[in-house]
Amino acid sequence: MENIEENSFLRALVVFDNNRYDDRFKTDWGFSCYLEGLEKTILFDTGGNGKILLDNLEKAGISPKKIQVVVLSHFHSDHTGGLEELLSRNPAIEVWVPAYFPENFKEGIRKKGARVVEVTTSRQICRSAFTSGVIEGPVNEQSLVLDTPRGLVVITGCAHPGIVKILSRVKELFPKNFYLVFGGFHLGGASPKEIESIIAHFEALGVKKVGPTHCSGDLPRKLFYEKYGEDFIQVGVGKEIIIR
Ligand SMILES: [Fe+2]
Ligand SMILES: [Fe+2]
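Going by our numbering, the sequence shown opens with residue 189, and the numbers climb by one from there.
So, in structure tokens, the structure goes:
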């Protein structure tokens, strides 16, 4: 895969997902997305398995050394599991974690030589990239917010606090239009009625494009697809999204 094209703002590549997209990449339960083109190169979540993460990065021609920042959405191993092996290959990484992460996990990061940044409220990570801050839910979680020329791009890990709650919070923090929301929406057990209501909220919030994956569930993905049509992005491991 070639490097970021000239005059594109952002390249996102899904490097860990239980959903398949490109057969050259391995699927496994979890989520991770690589982002380049911003001021800093970011990996959002690390999937559940370091070997698969590193294999997939290698398949994509991405050296672990290129990654400058890791943002971990929440303390579930299908999002944090790849970190240790990644830091073994490149300890010069800033790891942004919700402040509630266990001390021994944070200490483990520091022992590798990496820096821990503890997140509570929304903060800028680098130019055009922000954390939503930790949003309360059954599991507290942070999402990634990118301010692109097309509008906001929001990337979620599992969206345990609720995808609509997350987007509503982001809307309060950033008075801009939503261009794209992708990642885990955590709607596996939701009824058709609940899903319809969530899709209606997406429309009311003006979300232009969606890419539900990981723990979003098959029925929600289908219903989002039916509503969004060509603005539905089929996300899975190996999926590349370029934003100009
Ligand atoms: Fe997850
Ligand atoms: Fe989770």
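We put the beta carbon where it would ideally sit given N, CA and C, even for glycine. A quick note: this is a predicted structure, and the numbers were derived from the prediction, not measured.
Rounded to the nearest whole angstrom, the CA to CA distance from Gly235 to Lys214 is 11 Å. Residue range Asp406 to Tyr416 is occupied by the alpha helix (DSSP H) that includes Tyr416. Between Ile313 and Trp284, the C-beta gap is smaller than 8 Å, which places the two residues in contact.
Counting the other CB atoms within 10 Å of its CB gives Ala388 a total below 16, which places it among the exposed residues. Distance check between Ala287 and each of Ile281, Thr268 and Gln330 places Gln330 closest, using alpha-carbon atoms only. Between Phe219 and Gly405 the beta-carbon gap is near 14 Å, outside 8 Å, which marks them as no contact.
The beta carbons of Ile343 and Leu332 sit about 4 Å from each other, so the pair counts as a contact at 8 Å.
For Val257, the CB stays at least 7 Å from every heavy atom of ligand 2. Taken through DSSP and simplified to helix, strand or coil, Gly238 comes out as helix.
Burial is judged here by how many other beta carbons sit within 10 angstroms of a residue's own beta carbon; Asp211 has fewer than 16 and is exposed. Taking Ile383 as the centre and dropping the five residues before and after it, the same chain places the C-beta of Leu375, Leu407, Pro408 and Leu411 closer than 7 Å to its C-beta, in chain order. For Pro380, the enclosing alpha helix (DSSP H) begins and ends at Pro380 to Ala392. Within the region 314-347, the runs of beta strand (DSSP E) at least 3 residues long that lie entirely inside it are, in chain order, 317-319, 332-336 and 339-344.
Going by DSSP, Val398 is part of the beta strand (DSSP E) stretching over Lys397 to Thr401. Here the alpha carbons of Leu274 and Lys253 stand approximately 9 Å from one another. Per the coordinates, the alpha-carbon of Ala392 lies some 36 Å from the alpha-carbon of Leu271.
Counting only residues whose CB is nearer than 7 Å to a non-hydrogen atom of ligand 1, the list in chain order is Gly218, Phe219, His264, Asp266, His267, Gly345, Cys346, Gly372, His402 and Cys403. Inter-residue distance for Val395 and Tyr367 is about 6 Å (C-alpha atoms, whole angstroms). For Val305, the three-state secondary structure derived from DSSP is strand. Residue side-chain check: Val322 keeps its Cβ at 7 Å or more from all non-hydrogen atoms of ligand 2.
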